[in-house]
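Heads up: the sequence shown begins at 518 in the numbering used here, then just goes up one per residue. Heads up, the beta-carbon is just placed ideally off N, CA and C, and yes, glycines get one too.
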Amino acid sequence: MLRVLFVCLGNICRSPMAEAVFAQLVKEAHLQDFIEVDSAGTADWDIDSAPHPGTLYVLEQNGIEYSGQGRKLLKTDLDSFDYIITMDDKNLRDVKRLGQGSAVVAPLMGFVDGTDIREVPDPYFDNGFEIVHMLIQAGAQGLLQHIKAEHHIS
518 MLRVLFVCLG NICRSPMAEA VFAQLVKEAH LQDFIEVDSA GTADWDIDSA PHPGTLYVLE
578 QNGIEYSGQG RKLLKTDLDS FDYIITMDDK NLRDVKRLGQ GSAVVAPLMG FVDGTDIREV
638 PDPYFDNGFE IVHMLIQAGA QGLLQHIKAE HHIS
């Protein structure tokens, strides 16, 4: 079983959206027995919180279910997941600051070909949830293709 963890700051906007979008793609590809998906935040102020209403609204509008709660990224995640996928450069630095592990740590937008966009912006203050969803959808598709190729999954 491959384990993928999406990480943002608070685990209430971007990473739960990425978790839900990627889990839906995994399900559509009939790979839910091979790939497990979770999300976490680098900060601890939203532990056990529901996702932001904007995240839930965009997911609902796209027919994607989600029922998770916020949790903080743990040092043990670096070894218990195969991939830790970050939303922005600060998240990437915060994950790497925890130390070395066996997980591949990479930014989500690194899996999108043909774009100069490096980060998924935090929609918490500006309500850009639809744009964030589009970026996450593109990144999640690229990540799934990468995982399928890397692990010879058809």
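- The segment 642 to 657 makes contact with the segment 528 to 542: 3 or more CB pairs, one atom from each, lie closer than 8 Å.
- Apart from sequence neighbours up to five positions away, the residues of its chain that approach Asp565 with a beta-carbon distance below 8 Å are Gln586, Gly587 and Arg588, ordered along the chain.
- Within the model, the alpha-carbon separation for Phe598 versus Leu590 is close to 11 Å.
- As DSSP reads the structure, Arg520 sits in a beta bridge with Glu553.
- Exclusion of the five residues before and after Asp606 leaves Pro624, Arg635 and Glu636 as the residues of its chain whose Cβ lies within less than 8 Å of its Cβ.
- DSSP, read as helix, strand or coil, puts Ala623 in strand.
- Per DSSP, the continuous alpha helix (DSSP H) segment holding Thr572 begins and ends at Pro570 to Gln578.
- Residues Ile529 and Pro533 of the same chain have their beta carbon placed closer than 6 Å to that of Pro568, with the five preceding and five following residues left out of the count.
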